[in-house]
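K.L.:
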Amino acid sequence: MSSIPETPASFEAALAELEEIVASMESGQLPLQESLAAYKRGAELLAYCQAALKDAEQQVLILEKGVLKTFKPEGSPDA
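Given below as C-alpha cells:
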C-alpha cells in the first residue's frame, strides 16, 4: 500500500476495495504491519463511502423537495 491514499474512482470501487480488505484481514494471513495498514485504508474507505451515501441522500431530499414518499412496489395491494 502506498503512503499517499488514493481517492476511489467511485462508491462502487471503494466498496469493492473495502470488501477485498475485509476478506484479506479475515483470512488471518496478513502480518501485523500489513494488517494495520489495511485497517487504516479500510477506515479511509469507510469514511469515503459514508460521505458518498450522505451526499446521495441529500440529493434525493433536494429532488423530492424534502418530502419523502412511501415506496409501493408494483403489484402490491396499495399500488
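Here the sequence shown stands for residues 5 to 83, numbered as in my numbering.
Here a beta-carbon is modelled for each residue, glycine too, at the ideal position from N, C-alpha and C.
1) Looking only at its chain, what residues have a beta carbon closer than 8 Å to the beta carbon of L57, apart from the 5 residues adjacent to it on each side?
2) Where does S14 sit, in a helix, a strand or coil, going by DSSP?
3) Taking the alpha-carbon positions, what's the E30 to L49 distance?
4) Ordered along the chain, which non-local residues of its own chain (more than five positions away) have a Cβ less than 7 Å from that of L34?
5) Just the C-alpha distance for E23 and K69, rounded to the nearest angstrom, thanks.
6) Under DSSP, the alpha helix (DSSP H) around G46 begins and ends at which residues?
7) Which of helix, strand or coil does DSSP assign to E78?
P.N.:
Result, derived from the coordinates:
1) Closer than 8 Å at the Cβ level, and outside the excluded window around L57, lie F15.
2) Reduced to three states, the DSSP call for S14 is coil.
3) Our two residues, E30 and L49, have alpha carbons roughly 17 Å apart in a direct line.
4) In its chain, beyond the 5 residues on either side, S28, A42 have a beta carbon closer than 7 Å to the beta carbon of L34.
5) Taking the straight line joining both Cα atoms gives about 34 Å.
6) Residues 36-67.
7) E78: coil per DSSP, three-state reduction.
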